[in-house]
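Asks:
In the numbering used here, the protein residues as written are 4 to 809.
Below you can see the structure in the form of structure tokens.
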């Protein structure tokens with residue numbers, strides 16, 4: 004019997020190729036989207052679970068109450084001695100690993116210099132985390148100064164196919180290049196790892212001191228150096244319960260100065276300011292939105308949104324399948340009736356048609372795997388992932404795929420199966436077949452099917468409008484034709500002075516200046532308060548030259564700019580923005596002193612951060628130390644950009660810099676603030692297009708059903724003189740009504756979503772009616788085009804053909 008059903012299904016597929024192709028394509032697109040989304044979600048929720056000891060690895064997190072807002076502040080940066088102290092004083096701790104935050108360093112190979120990302124790590128790294136080694140011994144890989152463990156990818160880049168153990172890499176960690184011995188090569192770290200790097204440098208105090216000021220100063224207390232992430236590996240039978248209190252006691256024992264400081268603040272503020280500690284499991288880091296996250300952190304809301312989109316797309320495909328099956332029910336009605344006459348039971352017919360739906364779904368799954376493989380590079384680029392189809396070869400993934408596919412086939416085939424199996428034989432042979440009361444079910448499904456595309460398109464339209472608003476809004480300062488050059492030279496001050504002098508002499512540039520932080524490149528935040536008893540206010544600080552304000556056309560509203568000839572300006576003068584003045588409540592800020600510095604000027608507020616944020620207080624100072632010359636700003640002539648950049652690159656090499664010429668444009672840096680919003684906008688654009696495509700295929704099915712039912716009516720109307728346009732209107736008006744109903748339902752839902760989304764932006768658009776009208780009109784036009792094809796064909800059909808049987 005099953006073989007018989009299978010043969011019938013295959014014959015029907017072959018007989019109705021267009022119907023089968025449309026059905027397969029709709030389901031395949033929906034399943035393909037779902038496969039990509041599943042891979043994304045699977046990647047997100049399996050972060051760090053590949054480590055053998057993932058359930059026993061914990062990160063140390065410090066917790067302190069924020070005096071400004073009463074919220075809890077969480078800190079992952081821990082002092083250098085925390086790790087070894089915990090292992091020594093807490094029997095539950097088997098091992099510890101300290102890692103630095105990822106830093107950019109340079110590697111010299113011959114005359115070429117490459118920028119790479121490095122992480123300092125303890126020698127226990129490979130004994131705690133599961134990073135398998137290709138070469139080397141895990142116990143000795145990072146246990147001596149100037150040792151480096153590299154990934155297989157890095158080994159191939161710098162050493163080719165040879166074994167690099169014992170070879171050296173010339174790395175600039177401090178001010179000069181030094182030789183580091185390769186002591187281990189590890190397999191490339193999976194993309195779903197919180198801790199990722201191609202280079203791990205040994206966490207030896209002599210090495211750390213090269214990048215951590217005063218680290219080896221005998222007068223310095225290493226408990227003050229909170230620049231390291233500390234992980235602990237608990238013993239197999241150790242319990243996490245109660246360890247938080249032990250952590251706090253250990254900290255207070257070895258750092259009593261901090262405990263005394265907190266005690267005094269508690270008395271002053273009359274609040275509970277006791278610092279506490281938590282152990283956060285490794286697998287909880289990536290998707291935790293409460294604790295601080297490292298570079299790979301993500302928000303689970305993205306996964307939930309994509310899961311919702313996948314369900315919506317599958318629902319659209321199921322509705323599309325149902326509508327197309329209903330439209331074909333007329334052609335299969337007599338087949339069903341004949342089967343009933345010869346003794347087929349209702350249950351057998353249901354199984355037959357449901358089986359065809361499931362078979363179609365399985366064929367669609369094969370096509371979906373092909374489509375998802377083709378679309379994967381684009382999806383990876385948009386989602387910023389490194390997903391691979393190899394994920395789907397895992398048994399759990401195969402189960403998930405079937406769990407997605409089979410219910411889709413069951414849902415899609417449910418109504419057509421019950422409809423066809425329940426046909427009355429006499430009604431069919433009298434040509435009085437009906438697919439429901441006045442087509443209620445198809446119309447209800449079609450309305451539902453168009454609600455989702457209208458919502459997607461409306462939300463996309465608002466996101467595009469907000470993105471355009473942010474990108475085109477006047478930021479309050481000049482960003483065009485301004486080159487941002489990274490000054491990584493060993494002698495930064497001398498390099499800058501010579502570079503500026505030669506650039507102004509030899510190249511048509513309009514201005515040259517420097518700063519320690521070029522807005523998006525880096526940021527320095529200070530805590531300030533006017534009086535001891537005041538709350539701390541956080542201020543963004545920049546060290547700049549006087550010409551900085553002229554170059555960026557930042558307007559002064561009071562006071563003056565810096566004068567380097569005045570000794571007071573070089574030591575204790577500051578320029579602030581209007582937000583700074585408002586924060587501290589001054590009406591006449593010029594001459595006010597705060598934290599030992601006197602305000603000499605006030606500039607107009609400008610947007611140096613994303614428009615999602617309010618303008619923050621900013622303080623400008625003259626450069627006082629070497630690191631204040633981190634970035635060189637060059638304002639170019641607008642008509643000679645490419646020539647000027649090439650000339651500046653040559654000039655950079657001439658001034659004696661041993662590092663590559665690295666630059667970006669300031670306007671592009673500011674636009675990059677919105678890359679996350681742009682990425683999700685593009686994803687939603689694709690989703691909207693696919694949803695409209697699937698919905699229109701369902702509409703084609705309903706139109707086919709309606710034309711089949713009204714074929715003789717159309718013939719009679721043509722005999723009585725009806726024009727093609729009147730018949731087109733007759734066949735189209737019902738669908739226009741349905742889409743208008745869908746529009747009325749979709750707009751409030753879309754408005755709710757976009758209103759909630761826009762709340763996350765301090766500066767946002769006003770949602771106008773046309774942002775909903777345009778998607779509605781677009782869907783209506785596409786639907787009319789879909790309807791017109793079959794309607795015009797029916798209207799032009801010779802009435803003799805449709806009335807021949809009467």
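For every residue, glycine included, the Cβ atom is placed at its ideal position computed from N, Cα and C.
Compare the C-alpha of residue 778 against each of 791, 758, 750 and 757 and name the closest.
Replies: Measuring from the Cα of residue 778, the nearest candidate turns out to be 750.
Asks: Keeping to the same chain, check which residues put their C-beta closer than 6 Å to that of residue 565; ignore five residues upstream and five downstream.
Replies: Excluding sequence neighbours, residue 565 sits near 549, 572 and 625.
Asks: Pick from 678, 557, 162 and 703: whose alpha carbon is nearest that of residue 445?
Replies: Selected option, being the one with the closest Cα: 703.
Asks: Look up residue 480 in the DSSP assignment and say whether it is helix, strand or coil.
Replies: Coil at residue 480, not helix or strand.
Asks: Can you tell me where the beta strand (DSSP E) holding residue 624 begins and where it ends?
Replies: Note, residue 624: beta strand (DSSP E), 621-624.
Asks: In chain order, what residues of the same chain lie with their CB nearer than 6 Å to the CB of residue 439, ignoring the 5 residues before and after it?
Replies: Summary for residue 439: the model assigns pLDDT 45, below 50, so the residue's position carries little reliability; its value from the coordinates is reported in the next sentence. Counting only Cβ-Cβ distances below 6 Å, and skipping sequence neighbours, we find nothing.
Asks: Starting from residue 760, follow the alpha helix (DSSP H) in both directions and report where the run begins and ends.
Replies: Start and end: 727-761.
Asks: Taking C-alpha atoms, which residue in 197, 106 and 236 lies nearest to residue 98?
Replies: Answer by Cα proximity: 236.
Asks: Could you tell me if residue 633 is buried or exposed, where buried requires 16 or more neighbouring beta carbons within 10 angstroms of its beta carbon?
Replies: Buried: at least 16 other Cβ atoms inside 10 Å.
Asks: What's the C-alpha gap between residue 744 and residue 450?
Replies: Their Cα atoms are separated by approximately 7 Å.
Asks: For a test of the three-state rule: what should DSSP assign to residue 201, helix, strand or coil?
Replies: Coil, per DSSP.
Asks: Going by DSSP, name the residue or residues bridged to residue 446.
Replies: According to DSSP, which records beta bridges pairwise, residue 446 is partnered with nothing at all.
Asks: Any chance the region 489-500 sits against the region 786-794, with 3 or more Cβ pairs inside 8 Å?
Replies: These segments do not touch.
Asks: Looking only at C-alpha atoms, which of 539, 577 and 609 sits nearest to residue 587?
Replies: Checking every option, the nearest Cα to that of residue 587 belongs to 539.
Asks: For a quick check, are the C-beta atoms of residue 620 and residue 605 less than 7 Å apart?
Replies: It is not a contact, given that the beta carbons lie outside the stated cut-off.
Asks: With a cut-off of 8 Å on the beta carbons, I'd call residue 195 and residue 49 a contact; round off their distance for me.
Replies: Yes, residue 195 and residue 49 are in contact; Cβ-Cβ is about 6 Å, under 8 Å.
Asks: For a test of the three-state rule: what should DSSP assign to residue 229, helix, strand or coil?
Replies: DSSP places residue 229 in strand when its eight states are reduced to three.
Asks: Compute the Euclidean distance between the alpha carbons of residue 161 and residue 231, then round it to the nearest angstrom.
Replies: Looking at the two C-alpha atoms, the distance is approximately 28 Å.
Asks: Can you give the beta carbon distance from residue 294 to residue 202, rounded, assuming they're within the 8 Å contact cut?
Replies: That pair is no contact at about 26 Å.
Asks: Which residue or residues does DSSP assign as beta-bridge partners of residue 119?
Replies: The partner list for residue 119 (beta bridge, DSSP) reads 108.
Asks: Under a three-way DSSP split, which group does residue 48 fall into?
Replies: If DSSP states are grouped into helix, strand and coil, residue 48 belongs with the helices.
Asks: Look at the alpha carbon of residue 469 and the alpha carbon of residue 689, and state the distance between them as a whole number of angstroms.
Replies: Their Cα atoms are separated by approximately 18 Å.
Asks: Between the alpha carbons of residue 524 and residue 757, how many angstroms are there, rounded?
Replies: Straight-line Cα distance between these residues: approximately 30 Å.
Asks: Taking residue 2 and residue 313 to be in contact with their CB atoms under 8 Å, please state how far apart those CB atoms are, rounded to whole angstroms.
Replies: Only positions 4 to 809 of the chain appear in the structure, and residue 2 is not among them; the question remains open.
Asks: State the DSSP-derived secondary structure class of residue 81, mapped to helix, strand or coil.
Replies: Residue state, collapsed to three classes: strand.
Asks: Tell me, please, which residues DSSP counts as bridged to residue 151.
Replies: Residue 151 is bridged to 185 and 204.
Asks: From residue 697 to residue 381, what does the alpha carbon distance come to, in whole angstroms?
Replies: About 21 Å.
Asks: For the alpha helix (DSSP H) containing residue 716, list its first residue and its last residue.
Replies: Counting along the chain, the alpha helix (DSSP H) containing residue 716 begins and ends at 714-722.
Asks: Could you tell me the distance, in whole angstroms, from the CA atom of residue 273 to the CA atom of residue 139?
Replies: Unreliable positioning characterises residue 273 in this predicted model, as indicated by a pLDDT of 48, which lies under 50. The coordinate reading is nonetheless provided below. Their Cα atoms are separated by approximately 56 Å.
Asks: Enumerate, from N- to C-terminal direction, the unbroken alpha helix (DSSP H) stretches of 4 or more residues contained entirely within the region 565-640.
Replies: Correct list: 570-575 and 581-587.
Asks: Look up residue 531 in the DSSP assignment and give the residues it is bridged to.
Replies: Answer is 540.
Asks: Given residue 59, which residues of its chain have a CB within under 6 Å of its CB, disregarding the five upstream and five downstream residues?
Replies: So the list reads 236 and 237, once near-sequence residues are dropped.
Asks: Pull up the distance between the alpha-carbon of residue 100 and that of residue 197, whole angstroms please.
Replies: Their backbone Cα atoms lie some 14 Å apart in a straight line.
Asks: Which one of 764, 358, 603 and 759 has the shortest CA to CA distance from residue 676?
Replies: The shortest C-alpha separation from residue 676 is found at 764.
Asks: Can you name the start and end residues of the beta strand (DSSP E) that residue 486 belongs to?
Replies: It spans 485-489 - the beta strand (DSSP E) in which residue 486 sits, taken as one unbroken run.
Asks: Kindly list the residues whose CB is nearer than 7 Å to the CB of residue 681, restricted to its own chain and excluding five residues on each side of it in sequence; keep chain order.
Replies: These residues qualify, in order along the chain: 470.
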